[in-house]
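*Asks:* First the structure, then my questions, so here it is.
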Amino acid sequence: MSTIMAKMMSGSTPINPGSTGRTSSPSLTPPPASLPVRTIPGGYGWPLLGPISDRLDYNWFQGPNTFFTKRIEKHKSTVFRTNVPPCFPFFLGVNPNVVAVLDVKSFSHLFDMEIVEKANVLVGDFMPSVQYTGDMRVCAYLDTSEPKHTQIKNFSLDILKRSSKTWVPTLVNELNTMFETFESDISKSNSASLLPTMQKLLFNFFSLTLLGANPSASPEIANSGYVMLDTWLAIQLAPTVSIGVLQPLEEIFVHSFSYPFFLVKGGYEKLIQFVKNEAKEVLNRGKSEFGLTEQEAIHNLLFILGFNAFGGFSIFLPTLLGNLGDEKNAELQEKLRNEVREKVGLKPENLSFESVKEMELVQSFVYETLRLSPPVPTQYARARKDFKLSSHDSVYEIKKGELLCGYQPLVMRDPKVFDNPEKFVLERFTKEKGKELLNYLFWSNGPQTGRPTESNKQCAAKDIVTLTASLIVAYVFQRYDSVSFSSGSITSVKKAS
Numbered sequence: 038m039s040t041i042m043a044k045m046m047s048g049s050t051p052i053n054p055g056s057t058g059r060t061s062s063p064s065l066t067p068p069p070a071s072l073p074v075r076t077i078p079g080g081y082g083w084p085l086l087g088p089i090s091d092r093l094d095y096n097w098f099q100g101p102n103t104f105f106t107k108r109i110e111k112h113k114s115t116v117f118r119t120n121v122p123p124c125f126p127f128f129l130g131v132n133p134n135v136v137a138v139l140d141v142k143s144f145s146h147l148f149d150m151e152i153v154e155k156a157n158v159l160v161g162d163f164m165p166s167v168q169y170t171g172d173m174r175v176c177a178y179l180d181t182s183e184p185k186h187t188q189i190k191n192f193s194l195d196i197l198k199r200s201s202k203t204w205v206p207t208l209v210n211e212l213n214t215m216f217e218t219f220e221s222d223i224s225k226s227n228s229a230s231l232l233p234t235m236q237k238l239l240f241n242f243f244s245l246t247l248l249g250a251n252p253s254a255s256p257e258i259a260n261s262g263y264v265m266l267d268t269w270l271a272i273q274l275a276p277t278v279s280i281g282v283l284q285p286l287e288e289i290f291v292h293s294f295s296y297p298f299f300l301v302k303g304g305y306e307k308l309i310q311f312v313k314n315e316a317k318e319v320l321n322r323g324k325s326e327f328g329l330t331e332q333e334a335i336h337n338l339l340f341i342l343g344f345n346a347f348g349g350f351s352i353f354l355p356t357l358l359g360n361l362g363d364e365k366n367a368e369l370q371e372k373l374r375n376e377v378r379e380k381v382g383l384k385p386e387n388l389s390f391e392s393v394k395e396m397e398l399v400q401s402f403v404y405e406t407l408r409l410s411p412p413v414p415t416q417y418a419r420a421r422k423d424f425k426l427s428s429h430d431s432v433y434e435i436k437k438g439e440l441l442c443g444y445q446p447l448v449m450r451d452p453k454v455f456d457n458p459e460k461f462v463l464e465r466f467t468k469e470k471g472k473e474l475l476n477y478l479f480w481s482n483g484p485q486t487g488r489p490t491e492s493n494k495q496c497a498a499k500d501i502v503t504l505t506a507s508l509i510v511a512y513v514f515q516r517y518d519s520v521s522f523s524s525g526s527i528t529s530v531k532k533a534s
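Residue numbering for the sequence shown follows the working numbering, beginning at 38 and increasing consecutively.
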């Protein structure tokens with residue numbers, strides 16, 4: 038199942054060499070005083086046949102990017118009706134009908150909790166069996182109107198606040214181990230594969246910081262815990278993810294039905310026991326301070342660990358490192374290296390959340406990676422009531438209960454917001470003009486300038502994710518003068534001189 042995770046990473050957008058020029062201010066064209074009201078174009082086709090046709094285009098003939106792009110061109114609109122998989126034959130309870138919202142202005146409606154709700158729409162109308170999460174709906178599937186959402190979201194925010202005290206030194210220790218392994222592999226075979234070593238680091242790091250649990254307490258968990266999480270995560274998402282298997286085999290065996298929980302039950306139960314044994318302090322806080330049952334605390338912790346932290350970074354981190362590129366991007370590496378060494382020198386002990394906040398280029402590099410390759414490509418929300426949705430040039434009437442779908446890799450290439458939207462621009466988010474653009478950077482269930490609270494669905498770890506990514510980039514250029522990445526592997530490193 039780690040193949041699925043690897044394939045999820047393969048769609049990342051590489052840097053365009055030489056495209057590190059500055060960008061101008063947001064180019065949002067002032068709308069007319071009154072936008073025209075337009076009927077939503079597109080449709081769902083014949084029952085059964087329409088969804089199947091769209092599913093084959095989405096997964097097979099076109100792929101998601103072309104699927105949405107061609108429909109934008111056809112309808113001359115960034116808002117239209119279509120179907121998204123999964124669908125028939127064995128998803129009888131799943132309605133694939135959506136209203137696609139594919140520009141920054143229309144996309145932003147997905148995060149207005151007064152007009153949309155988020156119950157059970159993490160991956161659209163399809164929801165994996167609750168058996169994967171202890172027969173309960175964890176926080177990611179709860180709407181903000183549900184009281185339990187407030188309890189669990191505040192529990193999550195508290196975990197992050199407490200873990201921040203040990204976050205940086207723990208990260209540096211794990212990065213030391215990971216890059217020592219990479220250097221050893223390169224010396225033996227001239228390259229080092231990122232994924233296995235990186236996922237082991239992520240599992241150890243997030244277990245230590247978020248759970249306060251040391252995987253080394255259990256040899257089996259220490260050796261295979263990341264594989265258990267990887268498999269648990271991948272098998273849930275299999276119906277919604279393209280893994281590049283020879284078609285039509287992928288459509289028949291991966292996208293036509295949900296896989297049963299019993300395939301990963303044994304590993305998940307071992308992870309439950311690991312949390313019970315080693316994360317007692319966090320569990321007790323969940324019960325005593327936030328009113329959760331032990332089972333609610335356990336399964337939400339595992340979802341945070343596995344889906345949000347481990348899963349998200351398993352996709353994001355290879356893209357981040359891969360965007361450092363090869364020798365063609367020597368200028369980009371030089372700019373990042375110079376900023377890192379100017380701010381913190383060569384000593385890892387100088388790294389901190391405060392120090393990377395002073396690294397404008399490093400942070401812009403992270404933001405630009407998130408813009409072009411958001412770890413979660415699709416966002417969904419269901420209309421809480423009838424409302425009027427605005428794009429840049431039109432207004433559309435949305436009815437209560439309709440499902441909205443935004444494909445972030447296209448939304449974040451909105452030419453009315455981002456100049457040279459297809460290019461990786463290192464300095465895009467620098468200076469005052471660049472900071473203004475952060476209002477339009479969506480990757481975390483909300484804008485980068487938003488604040489996660491119990492009243493919204495924005496990722497609780499939004500800020501710590503970008504700071505952690507910045508710390509990793511800074512660490513790389515403390516340790517190395519240059520690095521080369523290719524096809525998910527590190528091919529060479531030049532130690533800092």
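We put the beta carbon where it would ideally sit given N, CA and C, even for glycine.
This structure is a prediction, so every number in the text was calculated from the model and none was measured.
Name the DSSP beta bridge partners of G443, please?
*Replies:* Locating residue 443 in the sequence shown gives position 406, where the first residue counts as 1. Note: G443 sits in a beta bridge opposite Q416.
*Asks:* Pick out whichever of K532, T505 and T528 has its Cα sitting closest to the Cα of V209.
*Replies:* Indexing the sequence shown from 1 puts residue 209 at position 172. Nearest of K532, T505 and T528 to V209, Cα basis: T505.
*Asks:* Which whole-angstrom value describes the C-beta separation of I109 and T115, a residue pair presumed to lie in contact below a C-beta threshold of 8 Å?
*Replies:* Against the sequence shown, residue 109 aligns to sequence position 72. Against the sequence shown, residue 115 aligns to sequence position 78. Between T115 and I109 the Cβ distance is about 6 Å, and since that is below 8 Å, they are a contact.
*Asks:* By Cβ distance below 6 Å, which residues in the same chain neighbour G323 in space, the five residues on each side in sequence not counted?
*Replies:* The count along the sequence shown starts at 1 and reaches residue 323 at position 286. Excluding residues within five positions, the ones whose Cβ falls inside 6 Å are F192, L329 and A334.
*Asks:* Specify, as a first and last residue, the run of the alpha helix (DSSP H) that A137 falls within.
*Replies:* Here the question's residue 137 lines up with position 100 in the sequence shown. That residue, A137, is in no alpha helix (DSSP H); its beta strand (DSSP E) goes N134 to V138.
*Asks:* Tell me, to the nearest whole angstrom, how far the beta carbon of I25 is from that of V312; I am working on the premise that it is less than 8 Å.
*Replies:* Any property of residue 25 remains undetermined from this structure, which presents the chain solely from 38 to 534.
*Asks:* Below 8 Å, can you find three or more Cβ-Cβ pairs linking the stretch 85–104 to the stretch 427–443?
*Replies:* These segments do not touch.
*Asks:* Could I get the ranges of all uninterrupted beta strand (DSSP E) runs contained in the stretch 361–442, with 3 residues as the minimum, in chain order?
*Replies:* The qualifying runs are 415–420, 424–427 and 432–435.
*Asks:* Under a three-way DSSP split, which group does V153 fall into?
*Replies:* Within the sequence shown, residue 153 is the residue found at index 116, counting from 1. The answer is strand: DSSP assigns V153 an E or B state.
*Asks:* Keeping to the same chain, check which residues put their C-beta closer than 8 Å to that of A418; ignore five residues upstream and five downstream.
*Replies:* Along the sequence shown, one-based indexing puts residue 418 at 381. Answer for A418: H146, L147, F148, V153, E154, K155, V158, L440 and L441, listed in chain order.
*Asks:* For L239 and F98, which I take to be in contact (beta-carbon distance under 8 Å), what is that distance rounded to the nearest angstrom?
*Replies:* For the purposes of this step, residue 239 is identified with residue 202 of the sequence shown, where counting begins at 1. For the purposes of this step, residue 98 is identified with residue 61 of the sequence shown, where counting begins at 1. Wrong, their Cβ atoms sit about 34 Å apart, outside the cutoff.
*Asks:* How do the stretch 122–131 and the stretch 285–300 stand: do at least 3 beta-carbon pairs fall below 8 Å, yes or no?
*Replies:* Taking 8 Å as the limit for Cβ pairs, the verdict is that the stretch 285–300 does touch the stretch 122–131.
*Asks:* Going by beta carbon distance, what residues of the same chain come within less than 6 Å of P78, once the five residues before and after it are set aside?
*Replies:* Taking the sequence shown and counting its residues from 1, one reaches residue 78 at position 41. The residues are H112, S114 and F117.
*Asks:* Can you grab the Cα-Cα spacing for the pair L358 / R421, in whole Å?
*Replies:* For the purposes of this step, residue 358 is taken as residue 321 along the sequence shown, with counting starting at 1. For the purposes of this step, residue 421 is taken as residue 384 along the sequence shown, with counting starting at 1. L358 and R421: Cα-Cα distance of roughly 40 Å.
*Asks:* Apart from the five residues on each side of it in sequence, which residues of its chain come closer than 6 Å, Cβ to Cβ, to R92?
*Replies:* Position 55 of the sequence shown, counted from the start, is the residue given in the question as residue 92. P122 and C124.
*Asks:* Of all the options E326, T106, S325 and V131, which has the alpha carbon lying nearest to the alpha carbon of D140?
*Replies:* Sequence index remark: in the sequence shown, residue 140 carries index 103 (1-based). Residue T106 is the option with its Cα nearest to D140.
*Asks:* With 16 as the cutoff for other CB atoms within 10 Å, does F242 come out buried or exposed?
*Replies:* Here residue 242 corresponds to residue number 205 of the sequence shown, with the count starting at 1. By the 10 Å Cβ count, F242 comes out buried.
*Asks:* Grab me the residues of R131's own chain with a C-beta within less than 7 Å of its C-beta, minus the 5 sequence neighbours each way, in chain order.
*Replies:* Residue numbering aside, residue 131 sits at position 94 when the sequence shown is read from its first letter. Contrary to the premise, residue 131 reads as Val rather than Arg in this sequence. For V131, where only same-chain residues beyond five positions count, the Cβ hits under 7 Å are P123, C124, D162 and F163.
*Asks:* For S524, tell me which candidate among D180, Q495 and T356 has the shortest Cα-Cα distance.
*Replies:* The residue given as residue 524 occupies position 487 in the sequence shown. Selected option, being the one with the closest Cα: T356.
*Asks:* T115 lies in the alpha helix (DSSP H); which residues open and close that run?
*Replies:* Position 78 of the sequence shown, counted from the start, is the residue given in the question as residue 115. Segment: none, T115 is in no alpha helix (DSSP H) and carries neither H nor E.
*Asks:* With distances taken Cα to Cα, identify the nearest neighbour of F362 among N387, A275 and S529.
*Replies:* Here residue 362 is taken as the residue at index 325 of the sequence shown, counted from 1. Position check: residue 362 holds Gly in this sequence, whereas Phe was assumed. The shortest C-alpha separation from G362 is found at S529.
*Asks:* Alpha carbon to alpha carbon, how far is I258 from K307? Give it in angstroms, no decimals.
*Replies:* Along the sequence shown, read from residue 1 onward, the residue named residue 307 stands at position 270. Along the sequence shown, read from residue 1 onward, the residue named residue 258 stands at position 221. For K307 and I258, the distance between alpha carbons rounds to 8 Å.
*Asks:* Can you look up S531 in the DSSP assignment and give me helix, strand or coil?
*Replies:* Translated into positions along the sequence shown, residue 531 becomes position 494. Residue identity check: residue 531 is Lys in the sequence provided, not Ser. In this structure, K531 counts as strand in the three-state DSSP scheme.
*Asks:* Please report the distance separating the alpha-carbon of P276 from that of G438.
*Replies:* Taking the sequence shown and counting its residues from 1, one reaches residue 276 at position 239. Taking the sequence shown and counting its residues from 1, one reaches residue 438 at position 401. Going by the C-alpha atoms only, they are around 23 Å apart.
*Asks:* Compute the distance between the beta-carbons of F344 and L270, then report whether it is under 8 Å.
*Replies:* Position 307 of the sequence shown, counted from the first residue, corresponds to residue 344. Position 233 of the sequence shown, counted from the first residue, corresponds to residue 270. Cβ atoms of F344 and L270: closer than 8 Å.
*Asks:* With C-beta atoms as the reference, is V138 less than 8 Å away from G483?
*Replies:* Here the question's residue 138 lines up with position 101 in the sequence shown. Here the question's residue 483 lines up with position 446 in the sequence shown. No, they are not a contact pair.
*Asks:* Work out the CA separation of E459 and M396 for me, nearest whole Å.
*Replies:* Stepping through the sequence shown from its first residue, residue 396 is reached at position 359. Stepping through the sequence shown from its first residue, residue 459 is reached at position 422. Their Cα atoms are separated by approximately 24 Å.
*Asks:* Hey, could you find the ends of the beta strand (DSSP E) D456 is sitting in?
*Replies:* Within the sequence shown, residue 456 is the residue found at index 419, counting from 1. First-last for D456: undefined, no H or E at that position.
*Asks:* By Cβ distance below 6 Å, which residues in the same chain neighbour E368 in space, the five residues on each side in sequence not counted?
*Replies:* Counting from 1 along the sequence shown, the entry for residue 368 is found at position 331. No residues qualify anywhere along the chain.
*Asks:* Taking the DSSP output, what are the residues bridged to F479?
*Replies:* Walking along the sequence shown from the start, residue 479 turns up at place 442. Paired residues: P484.
*Asks:* Comparing C-alpha positions only, which one of P414, V510, Q332 and C496 sits nearest to P101?
*Replies:* In the sequence shown, counting from the first residue as 1, residue 101 sits at position 64. The shortest C-alpha separation from P101 is found at P414.
*Asks:* Going by other Cβ atoms of all chains shown within 10 Å of its Cβ, with 16 needed for buried, is S521 buried or exposed?
*Replies:* Here residue 521 corresponds to residue number 484 of the sequence shown, with the count starting at 1. Under this definition S521 is a buried residue.
*Asks:* Just to confirm my understanding: we take L475, look at its own chain, exclude 5 residues before and 5 after, and list those with CB closer than 8 Å. What are they?
*Replies:* The residue labelled residue 475 in the question sits at position 438 within the sequence shown. Only Y404, F466, P484, Q485 and T486 meet the Cβ criterion.
*Asks:* I'd like the ranges of any alpha helix (DSSP H) spanning at least 4 consecutive residues and lying wholly in the stretch 274–350.
*Replies:* Qualifying alpha helix (DSSP H) stretches, in chain order: 286–290, 302–315, 317–325 and 331–340.
*Asks:* How far does the beta strand (DSSP E) with Y178 in it extend, from its first residue to its last?
*Replies:* As a working mapping, residue 178 is identified with position 141 in the sequence shown. No beta strand (DSSP E) holds Y178; DSSP gives it neither H nor E.
*Asks:* Below 6 Å CB to CB, which residues in the same chain sit around R374 once its five sequence neighbours on both sides are set aside?
*Replies:* In the sequence shown, the residue the question calls residue 374 occupies position 337. Around R374: F514.
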